[in-house]
Ligand SMILES: Nc1ncnc2c1ncn2[C@@H]1O[C@H](COP(=O)(O)OP(=O)(O)O)[C@@H](O)[C@H]1O
Ligand SMILES: [Mg+2]
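In the numbering used here, the protein residues as written are 11 to 348.
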């Protein structure tokens, strides 16, 4: 019998613990929650994660932990070694640990793991990825339009966000469909993704990627999927939203506001590091110039997927960010975040 040493994370749908296996070695066990109401992707996600780790492309395998065991019985779960001397990069950044030279090395290894290891492995047609994006966006819009406070953001033809007019979510999606941008995206190849490329899922040092596969179970998709996710976390934006450091809501005049307080003490650690510039440079070298329509579309997709699984201020911020992103995606001349 194995003994639980401590809990690393109580996730939405699963929990991650350190256990002492036979012979005293420590392992990390990730297991589905025995819940009556699993989220829409609960079990599928862990199943996908196991199959992902079982089928890593060779050049990426060294950047992931080995799968020690996995099961699918009353619960679904797997075990990997516990890396006692490596911390996740979110923790290290918040503690102010990585200096400029570390940041450069982290990005070099990230480029080797993600661009050289995963994205170079195999390519398939992009139509299923694009269909997935579109289906999830439509589903999210339906779910959100049933929530009273979000209904006008979904169905309004024009609203004001941060002082600028933007189409409502449904109008933005219709404009995107009409623009040909989605058709263009469907013609771009899909590659093997990490799928949840955030600092919390990178152990250091050296770099080890953990917790692969997106919340909706995607393992193949447009390479920007990984870049956008990484950048939004490493810049502090995702952290600010999750920690509810943001201002998000409807003002008395009926307009909306979404502000990230970049001057706040809690966000300073992200200001002191650069984990994005070098990686983006390598990304462009491999994949070519970034299409800003696609960038914003994928960013909006992340926001709207998570808007279905969150509550309160966090959820409001996700909905407004999704609205902003989808509007930018269909803008004839969008600006790429730098
Ligand atoms: N094998 C491991 N060794 C050391 N720390 C780990 C390991 N696996 C996970 N962790 C820590 O636990 C956290 C949560 O694990 P993760 O697999 O990312 O679960 P979740 O799906 O809940 O995000 C990670 O961010 C990291 O800090
Ligand atoms: Mg994680």
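Note that CB positions come from ideal geometry on N, CA and C, so glycine has one too.
Any idea if residue i is buried or exposed, counting beta-carbon neighbours within 10 angstroms, 16 or more meaning buried?
i           : result
residue 174 : exposed
residue 286 : buried
residue 241 : buried
residue 181 : buried
residue 81  : exposed
residue 231 : buried
residue 119 : buried
residue 211 : buried
residue 89  : buried
residue 325 : buried
residue 135 : exposed
residue 108 : buried
residue 20  : exposed
Return yes when the C-beta of residue i is under 7 angstroms from any heavy atom of ligand 1, and no when it is not.
i           : result
residue 21  : yes
residue 315 : no
residue 101 : yes
residue 92  : yes
residue 349 : In the structure displayed, the chain extends from 11 to 348; residue 349 sits before or after that span and is not available.
residue 98  : yes
residue 35  : no
residue 40  : yes
residue 24  : yes
residue 63  : no
residue 66  : no
residue 186 : no
residue 169 : no
residue 18  : yes
residue 213 : yes
Helix, strand or coil for residue i? Go by DSSP, reduced to three states.
i           : result
residue 87  : strand
residue 221 : coil
residue 68  : helix
residue 260 : strand
residue 21  : coil
residue 249 : helix
residue 279 : helix
residue 410 : With the chain running from 11 to 348 in the structure shown, residue 410 is simply not present.
residue 284 : coil
residue 200 : strand
residue 176 : strand
residue 299 : coil
residue 98  : strand
residue 26  : strand
residue 215 : coil
residue 152 : helix
Apart from the five residues just before and just after residue i, which ones in its own chain have a Cβ nearer than 7 angstroms to its Cβ?
i           : result
residue 223 : 55, 58, 59, 62, 205, 206 and 229
residue 250 : 256, 270 and 277
residue 114 : 288
residue 192 : 140, 144 and 186
residue 306 : 335, 338, 339 and 344
residue 274 : 255
residue 236 : 124, 203, 204 and 207
residue 146 : 226, 311 and 315
residue 247 : 270
residue 155 : 161, 164 and 165
Ignore the nearest five residues each way along the sequence and tell me which others in residue i's own chain have a CB closer than 8 angstroms to its CB.
i           : result
residue 84  : 44
residue 16  : 27 and 28
residue 268 : 171, 172, 256, 257, 258, 327, 330, 331 and 334
residue 176 : 168, 169, 170, 182, 333, 334 and 337
residue 302 : 338, 344, 345 and 346
residue 294 : 300
residue 159 : 260 and 326
residue 36  : 15, 28, 29, 30, 91, 92 and 94
Quick one: does residue i have its CB under 8 angstroms from some CB of chain C?
i           : result
residue 129 : You won't find chain C in this structure, because it holds only one protein chain.
Leaving aside the five residues before and after residue i along the sequence, list all residues of the same chain whose C-beta is less than 6 angstroms from its C-beta, in chain order.
i           : result
residue 233 : 129, 201 and 297
residue 32  : none
residue 308 : 234, 235 and 238
residue 14  : 27 and 29
I'd like to confirm something about residue i: is its beta-carbon nearer than 7 angstroms to some heavy atom of ligand 4, or not?
i          : result
residue 71 : Absence of ligand 4 from the depicted structure is noted, with ligand 1 and ligand 2 being the only ligands included.
Please list, following the chain, all residues that have a C-beta closer than 6 angstroms to any non-hydrogen atom of ligand 2.
210, 211 and 221
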